Amino acid sequence: MDTRTVVGDQIQDRRFAGGDTLDEPVWDTLMRDVRAVGRRVKEVLRPKVDASIDAESGQIVREWDLWGPLIFCLFLSLALSISAPAQQSSLVFSGVFAFVWIAEALVTLNIKLLGGSISFFHAICILGYALFPLVPGAIFSIIVKNMLIRFPIDTVLIGWSLFASMRTLKGAGVREGRVVLAMYPVWLFYGWLGWLCVIT
Numbered sequence: 007m008d009t010r011t012v013v014g015d016q017i018q019d020r021r022f023a024g025g026d027t028l029d030e031p032v033w034d035t036l037m038r039d040v041r042a043v044g045r046r047v048k049e050v051l052r053p054k055v056d057a058s059i060d061a062e063s064g065q066i067v068r069e070w071d072l073w074g075p076l077i078f079c080l081f082l083s084l085a086l087s088i089s090a091p092a093q094q095s096s097l098v099f100s101g102v103f104a105f106v107w108i109a110e111a112l113v114t115l116n117i118k119l120l121g122g123s124i125s126f127f128h129a130i131c132i133l134g135y136a137l138f139p140l141v142p143g144a145i146f147s148i149i150v151k152n153m154l155i156r157f158p159i160d161t162v163l164i165g166w167s168l169f170a171s172m173r174t175l176k177g178a179g180v181r182e183g184r185v186v187l188a189m190y191p192v193w194l195f196y197g198w199l200g201w202l203c204v205i206t
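This note's numbering numbers the first residue of the sequence shown as 7 and each following residue consecutively.
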């Protein structure tokens, strides 16, 4: 179904993406959300080389959500709390969970202050989906306790998260001379979480 919107003196056609879901079975709603999360994971983890963030892009930024970031944050926090000493497990869970959301907000704020045109929740969404490679790293740390084995694997997973987030945030609108300033906190964010996977 197509709808029309009036912008200035021009009429623009756009595709209607929503619909009446009041009579839709709960299972259909859940499966639609699961498929949407799967598509966004695929977009972030296999970003196109020419990925750019703008209103016309077909990337994750046009149809963002926070379901994936919430799920990956919960899994990461849970896995790290399980591999932590028993007396510290609840502290690790709450600490990692709070750190992820606060750090994502600060990284996004940094990008905005450096002139980025990406919206706040779009950036949170991308950073949250790019956590996905670290989840297997945290689960791996439960199974394998040897740090020498964990370190190279977690290093690759950190690099994967960094590549996915930076490739998708490439077109965030930050001026060329400030890209390093915008991306440095992103490196710290994933580097710190990856290091936790190694030492926990």
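Beta carbons: idealized from backbone N, C-alpha and C, even for Gly.
Please read all numbers here as calculations on a predicted model, not as lab measurements.
| Check | Outcome |
| --- | --- |
| State the CB to CB distance for the pair Gly179 and Ile124, rounded to an integer number of angstroms; the pair is presumed to be in contact (CB under 8 Å). | 6 Å |
| For the alpha helix (DSSP H) containing Asn3, list its first residue and its last residue. | Outside the modelled stretch of the chain, which goes from 7 to 206, sits residue 3, for which no answer is possible. |
| Express the C-alpha separation of Ser147 and Trp198 in angstroms, rounding to a whole number. | 15 Å |
| Got a sec? Which residues, its chain only, sit under 8 Å from Ile77 by beta carbon, not counting five neighbours each side? | Val43 |
| Shortest alpha-carbon distance to Arg156 belongs to which of Trp166, Val204, Ser167, Gly121? | Val204 |
| So what does DSSP say about Phe138, is it helix, strand or coil? | coil |
| Quick one: using the 10 Å Cβ neighbour count with 16 as the cut-off for buried, is Glu182 buried or exposed? | exposed |
| May I ask you to verify whether the stretch 97 to 105 touches the stretch 154 to 169, counting CB pairs closer than 8 Å and requiring at least 3? | no |
| Helix, strand or coil for Pro91? Go by DSSP, reduced to three states. | coil |
| Please classify Asn152 as buried or exposed, where buried requires at least 16 neighbouring CB atoms within 10 angstroms. | exposed |
| Go to Trp198, then tell me how far its alpha helix (DSSP H) extends in each direction, as first and last residue. | 185 to 205 |
| What does the Cβ neighbour count give for Met189, buried or exposed, with the cut at 16 atoms within 10 Å? | buried |
| For Asn116, which residues in the same chain have their Cβ closer than 7 Å to its Cβ, ignoring the five residues on either side in sequence? | Ala188, Pro191 |
| What is the rounded straight-line gap between the Cα of Leu175 and the Cα of Lys118? | 12 Å |
| Taking only three categories from DSSP, how would you classify Val47? | helix |
| Please confirm whether Phe169 and Ala109 have their CB atoms less than 8 Å apart. | no |
| What would DSSP say about Ala57, mapped onto helix, strand or coil? | Residue placement at Ala57 cannot be trusted, given a pLDDT of 43 that sits under 50; what the coordinates show is reported in the next sentence. Reduced to three states, the DSSP call for Ala57 is coil. |
| Please report the distance separating the alpha-carbon of Gly122 from that of Ala92. | 42 Å |
| Count the other CB atoms within 10 Å of the CB of Ile130; is the residue buried (16 or more) or exposed (fewer)? | buried |
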